[in-house]
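Worksheet: the structure to be examined is printed underneath.
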Amino acid sequence: MEFQHIAGVGRRAWRWSRTSGTQPRLLHAAKAAGAAALAWVIARHVPGVASDYPYYAPLGAIVAMQTTVYAGLRNGIQTLVGILLGIAVAGFTMLVGDPGILAVALAVGIGVLVGGFRVLGEGSTWVSTAALFVLLVGGANAEGYSFGYLVQMGIGVVVGLLVNFLVFPPLHFWDAERRIDEVNAVLAAHLEGLADVLESGKRDEDAWNRQQDKLDRAIADVRARVSVAHESRKINPRGALRGSRARLQQDGARFRALERVAWYTTDLTELVARSGPVSSNLGRPDPAFTEPLAAAIRQLACVIRGDCPEDEGDEAIERLEHALDASRENPSHVAVTASALVALRGIVESERRATDNLDTRTGPSAFHRPRG
Numbered sequence: 005m006e007f008q009h010i011a012g013v014g015r016r017a018w019r020w021s022r023t024s025g026t027q028p029r030l031l032h033a034a035k036a037a038g039a040a041a042l043a044w045v046i047a048r049h050v051p052g053v054a055s056d057y058p059y060y061a062p063l064g065a066i067v068a069m070q071t072t073v074y075a076g077l078r079n080g081i082q083t084l085v086g087i088l089l090g091i092a093v094a095g096f097t098m099l100v101g102d103p104g105i106l107a108v109a110l111a112v113g114i115g116v117l118v119g120g121f122r123v124l125g126e127g128s129t130w131v132s133t134a135a136l137f138v139l140l141v142g143g144a145n146a147e148g149y150s151f152g153y154l155v156q157m158g159i160g161v162v163v164g165l166l167v168n169f170l171v172f173p174p175l176h177f178w179d180a181e182r183r184i185d186e187v188n189a190v191l192a193a194h195l196e197g198l199a200d201v202l203e204s205g206k207r208d209e210d211a212w213n214r215q216q217d218k219l220d221r222a223i224a225d226v227r228a229r230v231s232v233a234h235e236s237r238k239i240n241p242r243g244a245l246r247g248s249r250a251r252l253q254q255d256g257a258r259f260r261a262l263e264r265v266a267w268y269t270t271d272l273t274e275l276v277a278r279s280g281p282v283s284s285n286l287g288r289p290d291p292a293f294t295e296p297l298a299a300a301i302r303q304l305a306c307v308i309r310g311d312c313p314e315d316e317g318d319e320a321i322e323r324l325e326h327a328l329d330a331s332r333e334n335p336s337h338v339a340v341t342a343s344a345l346v347a348l349r350g351i352v353e354s355e356r357r358a359t360d361n362l363d364t365r366t367g368p369s370a371f372h373r374p375r376g
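So for the sequence shown, the working numbering puts the first residue at 5; every next one is plus one.
The structure is reproduced here in structure tokens:
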């Protein structure tokens, strides 16, 4: 019993470390520390004037130790290009004379101006930094310092890239998938809140604004994480493993479906809670529509969360359609309900499209249940 208890605690700790992102952070920190130490050892044995500046090699390793191998390569190249441009800027400002107020101002001003080109990316901030280092630290030995600075940074970048490439090169599928599941919970809660508003006829404009902002931020965050997952497969030996491409396609399909569901949910919110029925009671659905409409919204929230099969969502929408077909009420009531049906059907079809194309769902059921 004691062993089982310890094993259970260990499993829970393992799951927590994975879902919280602790595992990849610890691995990244260990790799960065190892790369910096290795770069320092190598830098101290570099011949020539570059051996006087070994402390730049660990800095270069840190620059290249990014969350993906591709990002490390991009940052490393951009940084070295920025440093090279900074050295050129320093050489130009030295024509003014000895380092002083005017030379420093010119170095920073020109460096910031040159670094403003978007193509430099992460290297933009290094232009003015390198110019100041060469101007103020290099001083009379500016040429030797510039050479040593560039060489040692290059050594560090190469070491960092090799460590990141060879030692468990990161793939960020899990992070993207976990965040997609979390956003599905946000969407489901949003729809359930919409059903509550529809039934009660009461709304809170500030609350809806906060909820919409939360949803917008969550979608933007997922977009960034899926982008990182795609990037993590580039020039990554683990990216060639069986199943990684299919998994990436599934994540992309889930996110695209998630975006469509979020769009239809926003449209439904505007229709029902902001500019439609609850906002002013103009064109409010007949009570005969309110119950099946709220029920359909709740059922779709359950589907998005992954707790209910898609067929139940179809059935709820069909009940709403029957209520609409049987109605002979005010045309404005019918128009609001018909428009809501379009949004509801869009949510279901977005879910189904991802499922049919790549055997995946937008909700957690993608990982816990087979296709039904």
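Where a beta carbon is used, it is the ideal one built from N, C-alpha and C, also for glycine.
Alpha-carbon spacing of residue i relative to residue j, whole angstroms
| i | j | result |
| --- | --- | --- |
| S179 | Q27 | Note on residue identity: the sequence assigns Asp, not Ser, to residue 179. Answer to the nearest angstrom: the Cα atoms are 11 Å apart. |
| P58 | A47 | 5 Å |
| R237 | V73 | 8 Å |
| T269 | E325 | 19 Å |
| S279 | V346 | Confidence in S279 is poor, its pLDDT being 49 and thus under 50, which makes the residue's placement too unreliable to answer from. |
| G164 | N145 | 28 Å |
| A37 | L262 | 38 Å |
| L297 | A224 | 29 Å |
| A65 | V167 | 9 Å |
| W267 | S343 | 14 Å |
| A378 | I91 | Here the chain has residues from 5 to 376 only, and residue 378 is not among them. |
| L63 | H49 | 17 Å |
| V123 | T273 | 41 Å |
| D4 | N213 | The first residue shown for the chain is 5 and the last is 376, placing residue 4 beyond what the model contains. |
| R356 | G310 | 13 Å |
| R349 | V265 | 10 Å |
| A75 | L202 | 47 Å |
| V112 | S132 | 5 Å |
| L286 | G125 | Low confidence applies here, because L286 scores a pLDDT of 41, under 50, leaving its location unreliable and the question unanswered by this model. |
| L175 | R242 | 8 Å |
| R29 | K35 | 10 Å |
| E314 | E353 | 10 Å |
| A109 | P51 | 34 Å |
| E240 | M98 | It should be pointed out that residue 240 corresponds to Asn in this sequence rather than to Glu. When rounded, the distance between both Cα atoms is 43 Å. |
| A107 | F137 | 12 Å |
| V45 | C312 | 58 Å |
| V276 | I301 | 11 Å |
| D210 | A40 | 49 Å |
| A233 | K218 | 22 Å |
| D329 | S204 | 24 Å |
| E322 | Q70 | 50 Å |
| F293 | Q253 | 39 Å |
| A33 | N79 | 18 Å |
| I105 | A257 | 57 Å |
| F151 | V100 | 21 Å |
| A299 | D220 | 25 Å |
Whole-number beta carbon distance between residue j and residue i, since they are thought to touch under 8 Å
| i | j | result |
| --- | --- | --- |
| A43 | A61 | 4 Å |
| W130 | I87 | 5 Å |
| L31 | F172 | 6 Å |
| A228 | V187 | Incorrect: roughly 12 Å between the Cβ atoms, too far for contact. |
| T83 | G127 | 5 Å |
| I308 | A192 | 5 Å |
Option in the options with minimal Cα separation from residue i
| i | options | result |
| --- | --- | --- |
| Y153 | T97, V85 and T341 | V85 |
| A417 | R309, D311 and E295 | Here the chain has residues from 5 to 376 only, and residue 417 is not among them. |
| V327 | V50, T341, A233 and S150 | Per the sequence shown, residue 327 should be read as Ala rather than Val. Closest by alpha carbon: T341. |
| S231 | G125, V108 and F177 | F177 |
| V226 | I184, S354 and R302 | I184 |
| C306 | F259, A189, Q253 and D220 | A189 |
| G317 | V265, Q303 and I308 | Q303 |
| F96 | L139, I81 and E126 | L139 |
| E181 | F259, V162, V155 and F137 | F259 |
| V162 | A193, L77 and F121 | L77 |
| F121 | L99, L89, L110 and G148 | L89 |
| D255 | E235, N240, V100 and I239 | E235 |
| M157 | I301, D217, V67 and L275 | V67 |
| Y149 | A94, T71 and I81 | A94 |
| D271 | F293, Q70 and Q216 | Q216 |
| I81 | A257, Q253, V155 and A299 | V155 |
Near the ligand NAP: residue i beta-carbon under 7 Å from a heavy atom
| i | result |
| --- | --- |
| G317 | Annotation note on the ligand NAP: not contained in the displayed structure, which lists no ligands. |
Decide if the stretch 105-125 is in contact with the stretch 183-200; the criterion is three or more beta carbon pairs, one per stretch, under 8 Å apart.
no
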